[in-house]
Structures are given as structure tokens and as C-alpha cells.
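**Q** Residues 2 to 328 in the working numbering are what the sequence shown spells out, letter by letter.
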Amino acid sequence: MKEVINFIKDINGCYLVLNILFLICLYLYLKNNKVSKLKKRIIFITFFLINIITFPYFNGVIQSIFRLKYLSVKMYLLVVAITNLITLFTLNKKIKLGYSIINYTLFILIIIIFGSTLAVVLGNQFEELYIMDISNAVTLIDLSFVIFILYLIILTIIYIGYYLFSNHSIITKKEIVQKKEIIKNFVQLKQENKNLKKQISKEKTPISIWKQKPKSKNLKNVEEQILTSEELLNYENKNHFSIHGVECGIIFEDSNPENIIKNYHILLNDIHAKLVNGFTLEENHLLKSICTKLQTGNLNGIDLNNANVLNRVSIEEYNFLKKIIGV
Numbered sequence: 002m003k004e005v006i007n008f009i010k011d012i013n014g015c016y017l018v019l020n021i022l023f024l025i026c027l028y029l030y031l032k033n034n035k036v037s038k039l040k041k042r043i044i045f046i047t048f049f050l051i052n053i054i055t056f057p058y059f060n061g062v063i064q065s066i067f068r069l070k071y072l073s074v075k076m077y078l079l080v081v082a083i084t085n086l087i088t089l090f091t092l093n094k095k096i097k098l099g100y101s102i103i104n105y106t107l108f109i110l111i112i113i114i115f116g117s118t119l120a121v122v123l124g125n126q127f128e129e130l131y132i133m134d135i136s137n138a139v140t141l142i143d144l145s146f147v148i149f150i151l152y153l154i155i156l157t158i159i160y161i162g163y164y165l166f167s168n169h170s171i172i173t174k175k176e177i178v179q180k181k182e183i184i185k186n187f188v189q190l191k192q193e194n195k196n197l198k199k200q201i202s203k204e205k206t207p208i209s210i211w212k213q214k215p216k217s218k219n220l221k222n223v224e225e226q227i228l229t230s231e232e233l234l235n236y237e238n239k240n241h242f243s244i245h246g247v248e249c250g251i252i253f254e255d256s257n258p259e260n261i262i263k264n265y266h267i268l269l270n271d272i273h274a275k276l277v278n279g280f281t282l283e284e285n286h287l288l289k290s291i292c293t294k295l296q297t298g299n300l301n302g303i304d305l306n307n308a309n310v311l312n313r314v315s316i317e318e319y320n321f322l323k324k325i326i327g328v
């Protein structure tokens, strides 16, 4: 029992936290990528077992590092080399701001410590360059290891943070601007409706576009079925508005009253024709469904290789996205 208690007391907190964070990152990475359940389990269990087996050894090493008593020139040079490779990768690749900041911070700190260590070693070789005792070089080397371990911890936390941020509904500045724009458009629409009503009441006749008669031969008593502009824009049951027996309430979601009127006439002529925005009625329903599922109003910024996007949309919606994005 005492041995167990002593072992628990001897566990390095940073190393334990790092192991837990690595396991979480591995789980999230496998979940976010197209890997079969069997492979996920094998990889996760293998990593977990390796951690358990190697834990005592690496825990002892890291305990020595945090006590500033560990010396391994090879491992130190390996850390310096890895730091430089990370910096080269950051310079040559477009990566997220959080990763860039932490990578450059790591590089600056490690290079400063490397220069200090080199100065201490040279100072003990040449009296005129002496700064401090050579034993301080071990402290500086261990400090580099500590910084690198803390870097790994922060890196894993940022990865988890990015994952949670991208997979949950969080109000961003962009969304706030979009909501303000929606409110602005709504107020503008109300004002335009008022102006349109005034214009209609003065003219007492529908606007010129309503003089066009639909060409469809399937319509009976066409004149009786056509709504005036005022009747259309003030139609009460917009959610169940239909033309030729097809639900067309989506046309009322356009903020421009003239577009509503034009789309109404286009659908009267041909229910399968392209509307003002260049998409058919069916395609507009698909667009609305996709935007609702992905909680976005900008389809151009969607990454079709993202597994979260694939899981949320249907095959038909995915193929339509590929068509409009141009993949």
C-alpha cells in the first residue's frame, strides 16, 4: 500500500496532464476523420497501452527535469532541432493564429536559452568569456525541456479548443454583424412595403409587371388566380403559399418586394424555371435546408472535406454543394 501511495506522490503533474490531453486529442482526431471503428479502437488502445508501459520511465525522467538535475545533450539537441522544424513549418504553411503565436514563442525562448547555454560552455573553456559556472548549463538545458513540455500542453489545449469552437454554436462577431444586417433588412422591407402600398393606393392599378400574363396553358381562369401586388405582399398564410399545387412560401424570404413579385410571376409561367437568384424553386429549398443545418449564410466558405459538414447534410445536398461551390 505504501508503495502505491509513494508511486502516486511521485507522479509528475505536468506529465500526467500531458498524457490525458494527448489521449483526448487522439480521440478527437480519430473521431473527426474517416477511420473505421475497428481501426479507431486498435489505435486508441495501442496508444493507451504504450503510455501505461512507458509511464514509469518517462515520469522519472520528467521528475528529474523539473528538479533541474537531468542532463542529456542528445535529447537537448533533438528538442532544439524539433523547435526549428516547427518554426520552418510555421513560416511555410498557413496555419491558425493560435498555433503561430505559440510556435514563434517557443522558438524565441529555446533560441535564447540555447545561446545562453552556449555562452556558459564557451566561458568555461576560455577564461576571458567566463560568465557563470558550467553547472548552470544543466539548469538551462532542463529549462528548455520544461518549456517544451509546457508548449506541448498548451498546443493540445488549443487543438481541443479549436475542435470545440468549430463544432458548437458560439456567437461570433461575424454572426452578430449578420444578425444586425437581418434586422436592418427587415426594417427596410417594412418601409418599402409602406411606400409600395402608398404607390398602389395612388395609382389604383397593379404595377407594370402584373400586366404580364402567364404563358402556361395549364392555368384555368388565370385572371382570377393572379394576386395583385398588394395582395401578394400582404398574404397572411405565407408558410403555406402554393402555386400550381406546389409550396412556394420560400419566395417571401427575399428582402426585396420586387423580387417576390418577379419570382411569383416566374413560377406562374413555369414552376421549374430559375428564380431571380439563378436557382430553381427546388434548389432554393435545398439551399435553405443546407444553410439551416450548417448554421451559415455563406456557402463559399464551407470545407467539403470536413467530416462535420458531411455528417450534417444529405447526399443530395452534398452533391448540390459541390455543384455550386465548383468542386
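Glycine included, every Cβ here is placed at the ideal spot set by N, Cα and C.
Because the structure is a prediction, the values reported are computed rather than measured.
1) Per DSSP, which one or two residues make a beta bridge with I1?
2) Among all the DSSP beta bridges, which residues are the ones paired with T55?
3) Enumerate in chain order the residues of its own chain whose CB-to-CB distance from L153 is below 7 Å, with the five nearest sequence positions on each side excluded.
4) Helix, strand or coil, according to DSSP, for T229 in the structure here?
5) How would you label I115, buried or exposed, when you count the other beta carbons within 10 angstroms and need 16 or more for buried?
6) Pick helix, strand or coil for T281, following the three-state DSSP scheme.
7) Pick helix, strand or coil for K275, following the three-state DSSP scheme.
8) Which residues in the same chain as V247 place their Cβ atom closer than 6 Å to its Cβ, once the five residues preceding and following it in sequence are excluded?
9) Work out the CA separation of I158 and I6 for me, nearest whole Å.
10) Can you give me the start and stop residues for the alpha helix (DSSP H) that M76 sits inside?
11) Just to confirm, is the Cβ distance from I9 to L27 under 9 Å?
12) Measuring straight from C-alpha to C-alpha, what distance separates I83 and L322?
13) For S256, name the three-state secondary structure that DSSP assigns.
14) Closest by CA to K97, which one among Y164, I63 and G250?
15) Whole angstroms are fine: how far does the CA of I66 sit from the CA of F56?
16) Starting from E1 and walking both ways along the alpha helix (DSSP H), at which residues does that stretch end?
**A** This is what the structure holds:
1) The structure shown does not extend to residue 1, since the chain is modelled only from 2 to 328, so the question has no answer here.
2) Locating residue 55 in the sequence shown gives position 54, where the first residue counts as 1. DSSP lists no partner for T55.
3) The residue given as residue 153 occupies position 152 in the sequence shown. The residues are L19.
4) Counting from one through the sequence shown, the residue named residue 229 turns up at place 228. Reduced to three states, the DSSP call for T229 is coil.
5) For the purposes of this step, residue 115 is taken as the residue at position 114 of the sequence shown. Here residue 115 is Phe; the residue named in the question, Ile, does not match the sequence. Buried.
6) Translated into the one-based positions of the sequence shown, residue 281 becomes position 280. Looking at T281 - three-state DSSP - the assignment turns out to be strand.
7) Looking up residue 275 in the sequence shown gives position 274. It is a strand residue.
8) Indexing the sequence shown from 1 puts residue 247 at position 246. Closer than 6 Å at Cβ, skipping near neighbours: I272.
9) Taking the sequence shown and counting its residues from 1, one reaches residue 6 at position 5. Taking the sequence shown and counting its residues from 1, one reaches residue 158 at position 157. The alpha-carbon atoms of I6 and I158 are separated by roughly 29 Å.
10) In the sequence shown, the residue the question calls residue 76 occupies position 75. Element bounds for M76: V74 to N93.
11) Within the sequence shown, the letter at position 8 stands for residue 9. Within the sequence shown, the letter at position 26 stands for residue 27. Taking 9 Å as the cut-off, the beta carbon of I9 is found no closer than this to the beta carbon of L27.
12) Here residue 83 refers to the residue found at position 82 when the sequence shown is read from its first residue. Here residue 322 refers to the residue found at position 321 when the sequence shown is read from its first residue. Taking the straight line from one Cα to the other gives about 40 Å.
13) One-based indexing of the sequence shown puts residue 256 at position 255. Note: S256 maps to coil in three-state DSSP.
14) Along the sequence shown, one-based indexing puts residue 97 at 96. Taking only the C-alpha atoms, the option nearest K97 is Y164.
15) The count along the sequence shown starts at 1 and reaches residue 56 at position 55. The count along the sequence shown starts at 1 and reaches residue 66 at position 65. Near 15 Å, if we compare the C-alpha coordinates of I66 and F56.
16) Residue 1 cannot be examined here, being either before or after the span of the chain that is shown, 2 to 328.
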